[in-house]
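*Asks:*
In UniProt numbering, the protein residues as written are 1 to 295.
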């Protein structure tokens with residue numbers, strides 16, 4: 001959220017953050033929603049408990065189906081703080097209960113309870129709703145909403161269809177990446193870990209590096225999941241490996257010789273050791289990416 005007046009991580013919110021929102025009269029918009037209550041208010045509520053809960057669930061799914069956002073509990077629509085009594089139940093558990101019937105489950109980050117008012121008995125609670133990686137997200141009653149401007153709106157049929165098409169594309173891209181990583185791991189185990197250090201020629205051709213790069217490029221949505229560092233590390237490891245392979249082929253063709261090598265056996269041993277290290281580095285980066293992406 002560019003030029004946001006509040007921290008992106010709700011764990012960094014404080015009383016000063018709430019005061020800044022109030023003083024600037026920061027109204028609800030595409031990225032922020034204010035709610036008075038975290039739990040169903042029994043006194044004077046025109047809606048039933050199920051209606052109130054369903055409406056709140058729609059707010060969560062609407063943000064998840066858009067670009068994500070923050071729901072601040074304990075602030076009125078007019079941006080006036082309205083802290084609520086600290087609940088007996090853990091606030092994180094309450095939020096989990098609000099979204100546990102959404103499909104797929106909405107991912108949230110529950111911020112620290114911000115004491116507001118005298119005595120510390122009343123709090124304000126910011127909750128981040130992350131953009132869904134698998135859209136569309138449905139409510140418990142199989143309805144679809146999306147955040148637009150300052151409110152939630154029912155998804156159009158065209159948008160719903162386009163999200164399903166994109167979901168299928170992402171699933172196919174992830175599956176392709178899974179297959180390429182599995183293939184790399186299989187070849188790595190057979191050709192690198194079980195290989196004698198002085199064998200020649202080196203089995204670089206056994207690895208489908210181009211297929212791996214293509215699979216990574218097709219998974220552009222992973223960049224939106226804050227995995228750009230992991231992906232870039234994989235590409236960097238591939239680049240180092242390919243650079244050394246080009247040098248290896250030039251030396252094989254006799255374009256230059258390393259004066260520090262005394263024999264073919266030395267050449268094979270040194271080359272094997274270097275290749276082994278580069279492939280091991282790439283293997284480690286792929287493991288990190290797989291773990292971070294849940295592949």
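Just so it is clear, CB atoms sit at the ideal spot from N, CA and C, and this is done for glycine as well.
Count Cβ pairs between the segment 236–246 and the segment 270–289 that sit closer than 8 Å; are there 3 or more?
*Replies:* Three or more pairs of CB atoms, one per stretch, sit closer than 8 Å, so the segment 236–246 contacts the segment 270–289.
*Asks:* Could you tell me which residues DSSP pairs with residue 99 in its beta bridges?
*Replies:* DSSP, once it has assigned bridges, lists no residue as partnering residue 99.
*Asks:* Have a look at the DSSP bridge pairing and note the partners of residue 35.
*Replies:* 73
*Asks:* Consult DSSP for residue 18 and reduce its assignment to one of helix, strand or coil.
*Replies:* helix
*Asks:* What span of residues does the beta strand (DSSP E) with residue 152 cover, start to end?
*Replies:* Here the beta strand (DSSP E) through residue 152 covers 151–154.
*Asks:* Report yes if the CB atom of residue 36 is closer than 8 Å to the CB atom of residue 76, and no otherwise.
*Replies:* Yes.
*Asks:* To the nearest angstrom, how far is it from the Cα of residue 78 to the Cα of residue 287?
*Replies:* 48 Å
*Asks:* Assess contact between the segment 117–128 and the segment 48–58, defined as three or more Cβ pairs (one per stretch) separated by less than 8 Å. Is contact present?
*Replies:* no
*Asks:* Give the single residue among 166, 179, 137 whose Cα lies nearest to the Cα of residue 155.
*Replies:* 137
*Asks:* Does the count of Cβ pairs from the segment 57–76 and the segment 24–44 closer than 8 Å reach three?
*Replies:* yes
*Asks:* Tell me whether residue 183, by its Cβ, gets closer than 7 Å to a heavy atom of the ligand SAM.
*Replies:* The model depicted lacks the ligand SAM and carries no ligand whatsoever.
*Asks:* Would you grab the beta carbon distance between residue 240 and residue 278 for me? Rounded to a whole angstrom, and I think it's under 8 Å.
*Replies:* 6 Å
*Asks:* Could you check if residue 68 is buried or exposed, using at least 16 other CB atoms within 10 Å of its CB as the buried criterion?
*Replies:* Counting the other CB atoms within 10 Å of its CB gives residue 68 a total of 16 or more, which places it among the buried residues.
*Asks:* So what's residue 109 in DSSP terms, helix, strand or just coil?
*Replies:* Residue 109 falls in the strand class under three-state DSSP.
*Asks:* Could you pull out every residue in the same chain whose Cβ sits closer than 8 Å to the Cβ of residue 226, ignoring the five residues on either side in sequence?
*Replies:* Hits under 8 Å: none found.
*Asks:* How far does the beta strand (DSSP E) with residue 145 in it reach, from first residue to last?
*Replies:* 145–148
*Asks:* Contact between the segment 203–215 and the segment 155–165: three or more CB pairs below 8 Å?
*Replies:* no
*Asks:* Exposed or buried, what is residue 95 when buried is set at 16 or more other beta-carbons lying within 10 Å of its beta-carbon?
*Replies:* Answer is buried; the Cβ neighbour count reaches 16.
*Asks:* Return helix, strand or coil for residue 294, following the three-state DSSP convention.
*Replies:* coil
*Asks:* What is the residue span of the beta strand (DSSP E) that residue 122 lies within?
*Replies:* Start and end: 122–129.
*Asks:* Use the C-beta contact count for residue 175: other C-beta atoms within 10 angstroms, 16 or more gives buried, fewer gives exposed.
*Replies:* exposed
*Asks:* Helix or strand or just coil, what does DSSP make of residue 43?
*Replies:* coil
*Asks:* If you run the structure through DSSP and keep just helix, strand and coil, what is residue 207?
*Replies:* Correct three-state label for residue 207: coil.
*Asks:* State the DSSP-derived secondary structure class of residue 219, mapped to helix, strand or coil.
*Replies:* Here DSSP, grouped into helix, strand and coil, assigns residue 219 to coil.
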